[in-house]
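Order-wise, the sequence lines are chains L and A.
Each residue of the first sequence is one higher than the last, beginning at 1063 in the working numbering.
Each residue of the second sequence is one higher than the last, beginning at 1063 in the working numbering.
In this text, a Cβ means the ideal position worked out from N, Cα and C, and glycines have one as well.
From a predicted model like this one, the values you see are computed outputs, not experimental measurements.
There are 2 protein chains.
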Amino acid sequence: MSFSFDIEVTAGAARAGVFSTPHGVVETPAFMPVGTLATVKALDPDDLTQMGASMILGNAYHLHLRPGDDVVREMGGLHRFMRWDGPILTDSGGFQVFSLAQLRTIDEEGVEFQSHIDGSRRRFTPESVMQIERNLGADVIMQFDHVIPGQSDEASARDASERSIRWLARCLAEIQRLESTQPLEDPPREEFPGDNPRNHQALFPIVQGGIHAHLRREAAAEIRGMHDWAGFGIGGLSVGEEKDAMYEMIEVVDDVLPKTHPRYLMGVGFPEDLIEGIRRGVDLFDCVAPTRMGRNGSAFTRDGRLNIKRTEFRTDPKPLDPECDCSACTRFSRAYIRHLFVSDEILGLRLLSLHNVHFLLSLARAARQSIRNGDLEQWSRDWLARYRATSPLPV
Amino acid sequence: MSFSFDIEVTAGAARAGVFSTPHGVVETPAFMPVGTLATVKALDPDDLTQMGASMILGNAYHLHLRPGDDVVREMGGLHRFMRWDGPILTDSGGFQVFSLAQLRTIDEEGVEFQSHIDGSRRRFTPESVMQIERNLGADVIMQFDHVIPGQSDEASARDASERSIRWLARCLAEIQRLESTQPLEDPPREEFPGDNPRNHQALFPIVQGGIHAHLRREAAAEIRGMHDWAGFGIGGLSVGEEKDAMYEMIEVVDDVLPKTHPRYLMGVGFPEDLIEGIRRGVDLFDCVAPTRMGRNGSAFTRDGRLNIKRTEFRTDPKPLDPECDCSACTRFSRAYIRHLFVSDEILGLRLLSLHNVHFLLSLARAARQSIRNGDLEQWSRDWLARYRATSPLPV
């Protein structure tokens, strides 16, 4: 078996587990840095290794457009192309087709849309997306789904959820066909005389249903019955709905999804959401916020967010977060990083992105430790209280 | 003595030496990466350490404007601020005042100009620039000089050269005063109960004279007689004159400057100029080209320059330069780096800057080795012949 999930300890709905993939293990709960275009923006793969990242993301939509999934396949797959030999998950592009692309028309067959890069006409179907994700060769591949706005009414949400489930069946059939006809080339098959464990990709279904609890439950139950999945995505959240609705949608599927399998809350990863998700049984998270915020000069700290461009940091000798052990905080002052931002220096983008990604990786590790220690509830309360206190930063 | 220069081997005018500074030694000939604003653009100080950089540059003009030399001093000096504990040299701003600043008026006292950042009125004098360079606290500080265009006539060149020499005398008097009244704080003085070797900065004079051999010789002789300098700058070259004129200007001062001291050819550092300079007795070089070209997608290779954005590299699995051992070439394909550039990804800027800086550092090391091996002339000819051959890159 190329994929497995072993739960070490639980604490209420939360769990500390180990998710095994062909490219290594992921200790969960885990934050997965997002490498949309085969690079976690502003960072080097060595930075990610140093800060203990295990699984990272790529994106089928973006990589299909640039450089082309055919190019990535020709270069030996995404792991080799971007030099990340750890686990990789690719998102299917369902979200991007609905958020970035122009002039999309959707029917039962798939989605036709215009590329946001050059306006070219493209068509995604469950089958074509499986071919893209096969070409990329990630360990975990997400199904192609129909994503809708967070506030959608029940009829729209039901329609999209049911279509996503029909598309899931087509994704499953197609990836099974591709696995037997298109071996992955990372590493070359001759290294494995028998079955090559790296030939296998785990297709994750995505539970949709908007903010309608019964739709979420129905979708989870139907998906669960279809196949012995290696894990489950929870999608269509953090797309404009209220935070409480998001937390509720995680709770309502907790009992319907098998407790034995990893759950991935897609696109969610602010510190407070990470903690609230973990408390509700989520194992995997991803979010572009740490790198996007980093490029905008905003840093996570244990005392809330900090805008490094502010004048008050002009001669501040302290690190971004005095309790952080990332390679930005152990070397550089706020004064220096502020100077880099004020002067538009690239190193500033890297240092803040690095710090923010490290912050979320560390936060997931700390949550995992608190589950193992049996004090998740107390730890969560204390952590969130300090983070949410809007008092000025300690001097 | 805080500064010394030991020549191990000579080969014609060329020499392999060791320049010792309060923050460590520089094996010469050496290329010095340029960290204009207290960062070598797109690189991390750890990158520079890994690729064996020894001495790097900062710039008095730029750092005076942003973040302010007073800020740098308050943060413990440039070494601490930017986390570079190796040797640093600061340029005086003479070149920037004449190339970047607006509306400058020059008189015997100094130069009044408008900041290129915010248009604010500023005045640089030899004394004020020494204060700036004292605040920055680099190991080697360049005199404030009057820089003129490369093609200037003799009268202008003589006027600027003679003014630069009068300003040099004022710089020397001022830095001697500052050394005795304003101790450097890196490291704090209490670590050195006696004389703190890190309190000393070496003021380098700059030989000017445009492209007029006799002016160059006169300037070199007069400067040499003024003081026991730790080293000599050769300035006002690579500013629009012909290459042959530049090489000639290096040759004409070779016998006038003491053979026992390091020579720094300011602002020069393309591969061919590095080699031609070394053959003529230059020990230190700097140039923004490797990082600027890197940000534009252009890479040095042993077979000439390469524009990574070209379509031919779309699926090229080779590294930028197959014989390079930098951390870009040992990990990534041209196809991947091209993808990063086409997609405007920051990692691309870093990888190409890193490769180009490493290329020049390695080139200077190879030249040094060939001096020690006694085959500099043959090595130079072979290296330049291959580099200048305009044949397509080998497949």
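Along the segment 1370 to 1395 of chain L, going in chain order, the ones with a CB nearer than 7 Å to a CB of chain A are Arg-1376, Thr-1377, Pro-1379, Arg-1393, Phe-1394 and Ser-1395.
Within the same chain, and ignoring the five residues on either side of A/Leu-1277 in sequence, the residues whose Cβ sits closer than 8 Å to its Cβ are Glu-1216, Ala-1219, Arg-1220, Ser-1223, Gln-1270 and Gly-1271.
Using a 10 angstroms sphere on the CB of A/Thr-1111, the tally of other CB atoms stays under 16, which defines it as exposed. A/Arg-1396 sits in a helix when the DSSP states are folded into three classes.
For secondary structure counted as the beta strand (DSSP E) over 3 or more consecutive residues, the segment 1171 to 1219 of chain A holds these complete runs in sequence order: 1173 to 1176, 1183 to 1186 and 1202 to 1204. Secondary structure at A/Val-1404: helix, using DSSP grouped into helix, strand and coil.
Taking a contact to require three or more Cβ pairs closer than 8 Å, the segment 1321 to 1331 of chain A and the segment 1431 to 1439 of chain A do not qualify as touching. Residue pairing by DSSP places L/Phe-1266 opposite L/Met-1204 in a beta bridge.
In the three-state reduction of the DSSP assignment, L/Gln-1431 falls in the helix class, which pools H, G and I. By the rule that beta-carbons nearer than 8 Å mark a contact, A/Arg-1412 touches chain L.
Annotation: A/Tyr-1123 has no Cβ neighbours in chain L at a cutoff of 7 Å; minimum Cβ distance is about 13 Å. Under DSSP, L/Arg-1443 shares a beta bridge with no residue. Under the DSSP assignment, A/Met-1311 falls in the alpha helix (DSSP H) whose first and last residues are 1305 to 1316. Taking C-beta atoms under 8 Å as the contact rule, A/Leu-1198 and A/Ile-1237 fail to qualify, at a distance of about 12 Å. Taking C-beta atoms under 8 Å as the contact rule, L/Gly-1074 and L/Val-1202 fail to qualify, at a distance of about 26 Å. Taking C-alpha positions only, L/His-1401 is separated from A/Leu-1140 by approximately 12 Å.
In the structure shown, the three-state DSSP call for A/Leu-1327 is strand. Judged by DSSP secondary structure, A/Leu-1277 falls within the alpha helix (DSSP H) whose first and last residues are 1275 to 1288. In summary, A/Asp-1317 is exposed, with fewer than 16 beta-carbon neighbours lying within 10 Å of its beta-carbon over all protein chains present. Contact check for L/Val-1344 and L/Ile-1312: beta-carbon distance about 6 Å, within the 8 Å limit, so the pair qualifies. Considered as a whole, the segment 1071 to 1116 of chain A harbours 1076 to 1083, 1086 to 1090 and 1092 to 1094 as its complete beta strand (DSSP E) runs of no fewer than 3 residues, in chain order.
For A/Lys-1103, at least one C-beta of chain L is nearer than 8 Å to its own C-beta.
Secondary structure remark: continuous alpha helix (DSSP H) runs of at least 4 residues inside the segment 1111 to 1173 of chain A, in chain order: 1122 to 1127, 1131 to 1136, 1140 to 1144 and 1156 to 1161.
For A/Glu-1241, the closest C-alpha among the options A/Ile-1227, A/Ser-1226 and A/Asp-1257 is that of A/Asp-1257. In this structure, DSSP gives A/Thr-1322 a state outside helix and strand, which the three-state scheme calls coil. The DSSP-derived three-state label of L/Ala-1222 is helix. Among the residues facing chain L, A/Arg-1341 is not included, as its CB has no counterpart in that chain under 8 Å away. If you ignore the 5 residues before and after A/Ile-1194, its C-beta comes within less than 7 Å of the C-beta of Ala-1122, His-1126 and Asp-1131, all in its own chain and listed in chain order.
Cβ contact annotation for A/Phe-1065 (same chain, cutoff 7 Å, sequence separation greater than five): Ser-1082, Thr-1083, Ala-1264 and Ala-1292, in chain order. Residue-level contact check: L/Ile-1194 does not touch chain A, since none of the beta carbons of chain A fall below 8 Å from its beta carbon. For L/His-1401, a Cβ of chain A is located within less than 8 Å of the residue's own Cβ.
A/Leu-1165 counts as exposed, since fewer than 16 other C-beta atoms from the protein chains shown sit within 10 angstroms of its C-beta.
With the criterion set as a beta carbon lying under 7 Å from some beta carbon of chain L, the members of the segment 1118 to 1146 of chain A are Arg-1128, Pro-1129, Val-1133, Glu-1136, Met-1137, Phe-1143, Met-1144 and Arg-1145, in sequence order.
Under the DSSP assignment, L/Ile-1340 falls in the alpha helix (DSSP H) whose first and last residues are 1333 to 1341. Between L/Tyr-1398 and chain A, the shortest Cβ-Cβ separation is below 8 Å. In chain order, Leu-1119, Asp-1348 and Val-1350 place their CB closer than 6 Å to the CB of L/Val-1096, counting only its own chain and leaving out the 5 sequence neighbours on each side.
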